[in-house]
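Data block below; observations after.
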Amino acid sequence: MSIGNILLPEKAVILAPMEDVSDSPFRQICKLKGADVVYTEFISSEAIIRESDKSLHKMVFEEMERPFGIQIFGGREEAMHGAAKIAEASNPDLVDINFGCPVYKVVSKNAGSACLRDLSMMERMAATVVEATTLPVTVKTRLGWDDNTIRIQEVALMLQRVGVKALTVHARTREQGYKGEARWEFLKLLKNTPGLHIPVFGNGDILTPHDAKRMFDETGVDGVMIGRGAIGNPWIFEQTKHFLQTGEMLPEPSVMDKMEVCAEQLRASVRHHGERKGVVMMKKHYGNYLKGIRNGKHLRMELMQHNEMEPIIGALLNFDESKYYPVAV
Numbered sequence: 016m017s018i019g020n021i022l023l024p025e026k027a028v029i030l031a032p033m034e035d036v037s038d039s040p041f042r043q044i045c046k047l048k049g050a051d052v053v054y055t056e057f058i059s060s061e062a063i064i065r066e067s068d069k070s071l072h073k074m075v076f077e078e079m080e081r082p083f084g085i086q087i088f089g090g091r092e093e094a095m096h097g098a099a100k101i102a103e104a105s106n107p108d109l110v111d112i113n114f115g116c117p118v119y120k121v122v123s124k125n126a127g128s129a130c131l132r133d134l135s136m137m138e139r140m141a142a143t144v145v146e147a148t149t150l151p152v153t154v155k156t157r158l159g160w161d162d163n164t165i166r167i168q169e170v171a172l173m174l175q176r177v178g179v180k181a182l183t184v185h186a187r188t189r190e191q192g193y194k195g196e197a198r199w200e201f202l203k204l205l206k207n208t209p210g211l212h213i214p215v216f217g218n219g220d221i222l223t224p225h226d227a228k229r230m231f232d233e234t235g236v237d238g239v240m241i242g243r244g245a246i247g248n249p250w251i252f253e254q255t256k257h258f259l260q261t262g263e264m265l266p267e268p269s270v271m272d273k274m275e276v277c278a279e280q281l282r283a284s285v286r287h288h289g290e291r292k293g294v295v296m297m298k299k300h301y302g303n304y305l306k307g308i309r310n311g312k313h314l315r316m317e318l319m320q321h322n323e324m325e326p327i328i329g330a331l332l333n334f335d336e337s338k339y340y341p342v343a344v
């Protein structure tokens with residue numbers, strides 16, 4: 016399987032772009048744990064063409080992250096065209112367009128899933144990005160704006176026609192947001208679309224290797240994109256690949272495995288962001304790494320108190336599940 020000139024394994028397992036989560040340190044850890052492709056969090060095309068330092072920094076990556084894609088969003092063709100050119104100058108492997116974000120502040124600017132209400136606008140946006148870059152362009156979108164506008168087969172054929180090389184579909188409508196079950200039956204319908212030959216990746220409700228296998232079995236998608244299921248659990252990529260290949264589950268990571276990987280992500284965060292911001296950026300991840308660990312809440316409380324890396328590394332690597340005791344209430 017390929018996206019343009021980028022070769023991928025059959026049944027690819029991909030890290031989803033997630034706002035305030037998919038920074039380079041997190042992507043590096045997921046890549047080390049088996050992700051086949053990683054993407055940036057979504058970046059505003061308007062901020063890119065203004066050369067916002069924050070937005071340009073989101074495009075910085077390490078070579079080991081390849082294949083690596085930069086995801087952009089926006090509501091103006093000129094801005095999307097310019098942003099695609101600037102993104103290409105950062106030397107990624109892919110440029111991805113976000114046509115799926117459901118949040119109001121994005122949709123109100125005719126970006127994200129707003130294009131699902133106006134397919135001619137989506138077509139123009141996609142075409143201008145394809146024209147702007149020599150890199151393969153991919154798209155992430157949703158089934159439709161609401162149940163009355165599910166036209167995902169038409170969308171896929173249109174995107175293929177203008178030169179998009181792969182399509183990821185979150186199997187919910189914009190109206191659903193992140194509520195209710197993802198509707199995988201539409202992914203199966205999409206894969207059976209006559210004339211559609213670009214790869215289709217499924218997204219939505221993949222929280223375990225068993226979920227991934229079920230999506231492959233039920234829909235026939237070419238790959239799965241994992242988002243929330245990878246937060247604090249980057250092992251899901253290697254676990255999923257092993258399960259798909261052997262039908263057997265790898266052992267769950269030990270407590271010390273979790274502590275060491277969390278510490279490594281913190282080190283990468285400090286290298287990438289600097290110590291002050293790097294420590295702050297990691298705070299959102301501790302709860303997920305420590306979920307289900309005896310006395311993990313108490314360790315998290317300790318970690319959150321520190322603003323320097325070394326005390327946090329020490330607390331992680333010296334963690335003993337029996338060391339912390341619940342406070343009597």
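Our numbering puts the first residue of the sequence shown at 16, with every later residue one more than the last. Backbone N, C-alpha and C define an ideal beta-carbon position, used for all residues, glycine too.
- Scanning its chain for C-beta atoms nearer than 6 Å, with the 5 sequence neighbours on each side dropped, one finds around Gly178 the residues Val145, in chain order.
- Measuring C-alpha to C-alpha distances from Val184 to each of Lys46, Ser70 and Phe216 identifies Phe216 as the nearest.
- With three or more CB-CB distances shorter than 8 Å, the stretch 124-131 counts as touching the stretch 79-93.
- When DSSP reads this structure, Thr153 sits in a beta bridge with Asp111 and Ala181.
- Annotated three-state conformation of Asn303 is helix, per DSSP.
- 9 Å or more divides the Cβ of Ile167 from the Cβ of Thr153.
- For Ala129, there is no enclosing alpha helix (DSSP H), as DSSP gives it neither H nor E.
- For Gln320, the three-state secondary structure derived from DSSP is coil.
- The Cβ atoms of Thr148 and Lys180 do not sit closer than 9 Å to each other.
- Excluding residues up to 5 positions away in sequence, nothing lies with its Cβ nearer than 7 Å to the Cβ of Pro266 in the same chain.
- The criterion of a C-beta distance shorter than 9 Å is satisfied by Phe76 and Ser39.
- Contact check for Gly235 against Lys203 passes: the beta carbons are separated by less than 9 Å.
- Between the alpha carbons of Leu259 and Glu233 lies a gap of roughly 14 Å.
- Contact between Ala227 and Val28 holds: CB atoms are separated by about 7 Å, below the 8 Å threshold.
- By the beta-carbon neighbour count (other beta carbons within 10 angstroms, threshold 16), Leu331 is buried.
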